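Residue numbers (UniProt numbering): 1 to 323. Before any comments, here is the structure.
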Amino acid sequence: MFDLIGLSAQHETIYRVMLQRPDLNVAGLAQQLAIPADQVREALDVLADLALIRLDPGGGPVRAVRPQAGLMALLAKVEAEVAVRQQQVEATRAAIAAIATAHDSHSRAVEGRAFEGVDSVRERLIELAQTARTECLSFSTGGGQRADAMKAEAPLNQLALERGVHIRNVYQDSLRNDPATLAHARWMASLGSQSRTTPTLPMRMIIVDREIALVPIEPGHPQRGALELQSPGVIAGLVALFEQVWSTATPFGEPARPDEQGLTRQERELMRLLAAGHTDESAARKLAISLRSVQRMMTSLTERLGAVSRFQAGVHANRREWV
Numbered sequence: 001m002f003d004l005i006g007l008s009a010q011h012e013t014i015y016r017v018m019l020q021r022p023d024l025n026v027a028g029l030a031q032q033l034a035i036p037a038d039q040v041r042e043a044l045d046v047l048a049d050l051a052l053i054r055l056d057p058g059g060g061p062v063r064a065v066r067p068q069a070g071l072m073a074l075l076a077k078v079e080a081e082v083a084v085r086q087q088q089v090e091a092t093r094a095a096i097a098a099i100a101t102a103h104d105s106h107s108r109a110v111e112g113r114a115f116e117g118v119d120s121v122r123e124r125l126i127e128l129a130q131t132a133r134t135e136c137l138s139f140s141t142g143g144g145q146r147a148d149a150m151k152a153e154a155p156l157n158q159l160a161l162e163r164g165v166h167i168r169n170v171y172q173d174s175l176r177n178d179p180a181t182l183a184h185a186r187w188m189a190s191l192g193s194q195s196r197t198t199p200t201l202p203m204r205m206i207i208v209d210r211e212i213a214l215v216p217i218e219p220g221h222p223q224r225g226a227l228e229l230q231s232p233g234v235i236a237g238l239v240a241l242f243e244q245v246w247s248t249a250t251p252f253g254e255p256a257r258p259d260e261q262g263l264t265r266q267e268r269e270l271m272r273l274l275a276a277g278h279t280d281e282s283a284a285r286k287l288a289i290s291l292r293s294v295q296r297m298m299t300s301l302t303e304r305l306g307a308v309s310r311f312q313a314g315v316h317a318n319r320r321e322w323v
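Put into structure tokens, the structure is as follows:
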């Protein structure tokens, strides 16, 4: 019944007995339930991880947390995760519809044109920066940005901000390891721009005034050029994608704080990528960090999990709900 909140039938039974018989220790619980003491200890570890039992710092007996507090807190956490997941599903659905429409050459809904090559895209971005009226939203994939690109866009961004254009940008967390890009982001922030970071981004993207969007012709090869989109339906989907990513990203200037399990967002995303079948190399590309950084991070995570191999680390990570 309680699998949804991470409680097996045996763990539930032990928890119920502890509520009814708070005087029982491990041996007493094992005798009461006719199970080995090792199984009781394993169950107590799980119940402790779920905050359903409380240890006495003074060395007294373990106490079960009242179900009105413990179980309801776990259920509330699951409900919150479901709500967030539903938002992600809706945003992803909108993004899929937008991308599908953008790449359907026969769709009449698409009103745009292709800009082949980096120089062509840069010229179009200069035009858009000069004509933007209210807002510019963007995803900047990769870690460090190209120095020539930052130098070229700096005066244009400054003029746009001075005109009252609201600029929001999402970088990848790896930005924090590149001094030049970090300095550029700080300078932009000093002018009123807002930036956030997240471990991975779906693609490079710019949306101007919620009317025009530039997305890569090939997301995996942005140097090929960009496709300009103007269809209201497509733009709405891309804006929804941006807002969903923005809502969960870390505001620029704030440290990458670990979550309740001690993991940074980048570490958790690395675990997710590897669990999904990515190699160290492809995970490094997704996170825009070096292969050595991925391997260093995995060594640290394996040690924290108390594992002696990648496989054992995966088992322990799954048990602790790190993935």
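Glycine included, each C-beta is placed from N, C-alpha and C at the ideal position. Computed from a predicted structure; not experimentally measured.
If you compare alpha carbons, which of TRP246, ALA276, ILE289, HIS278 is closest to GLN266? The shortest C-alpha separation from GLN266 is found at ILE289.
Residue range of the alpha helix (DSSP H) that VAL239 falls in? Annotation: the continuous alpha helix (DSSP H) that includes VAL239 extends over 232 to 248.
With which residues is THR198 paired in a DSSP beta bridge? Note: THR198 sits in a beta bridge opposite GLN172.
Note down the Cα distance separating ALA144 from SER309, rounded to an integer number of angstroms. The question names Ala, but residue 144 in the sequence shown is Gly. For GLY144 and SER309, the distance between alpha carbons rounds to 32 Å.
I'd like to check one pair, GLY237 with ALA114: are the Cβ atoms closer than 9 Å? No, Cβ-Cβ distance for ALA114 and GLY237 is not below 9 Å.
Nearest to residue 369 by CA position, among SER8, VAL62, ARG224, is which residue? The chain is shown from 1 up to 323; residue 369 falls before or after that span and cannot be answered.
For the putative contact between MET205 and PHE139, defined by C-beta atoms under 8 Å, what is the C-beta separation to the nearest angstrom? 4 Å between Cβ atoms; contact.
By a C-beta neighbour count over all protein chains shown, 10 Å radius and 16 as the cutoff for buried, is ILE126 buried or exposed? Classified as exposed, ILE126 has fewer than 16 neighbouring CB atoms from the shown chains inside 10 Å of its CB.
Among GLU243, GLY220, GLU228, whose alpha-carbon lies nearest the alpha-carbon of VAL84? In terms of CA proximity to VAL84, GLU243 leads the group GLU243, GLY220, GLU228.
Proximity of MET150 and THR181 at Cβ, strictly below 9 Å: Yes, the Cβ-Cβ distance between MET150 and THR181 is below 9 Å.
Helix, strand or coil, according to DSSP, for MET297 in the structure here? Assigned with DSSP and collapsed to three states, MET297 falls in helix.
Which whole runs of the beta strand (DSSP E) in the segment 141 to 173 are 3 residues long or more, in chain order? For secondary structure counted as the beta strand (DSSP E) over 3 or more consecutive residues, the segment 141 to 173 holds these complete runs in sequence order: 166 to 172.
Host alpha helix (DSSP H) of residue 342 (start-end): What is shown of the chain runs 1 to 323, which leaves residue 342 out entirely.
Suppose contacts are defined by Cβ-Cβ distances below 9 Å. Is LEU274 in contact with THR200 by that definition? Against a cut-off of 9 Å, the Cβ pair of THR200 and LEU274 comes out as no contact.
Buried versus exposed, by CB contacts within 10 Å (16 or more), ALA109: Bear in mind that the predicted position of ALA109 carries a pLDDT of just 42, short of 50, making it unreliable; the figure below should be weighed with that in mind. Its Cβ having fewer than 16 others within 10 Å, ALA109 is exposed.
Pairwise C-alpha distance: SER120 and GLU218: C-alpha separation (whole angstroms): 15 Å.
Whole angstroms is fine: what's the gap from PRO255's alpha carbon to CYS136's? Straight-line Cα distance between these residues: approximately 25 Å.
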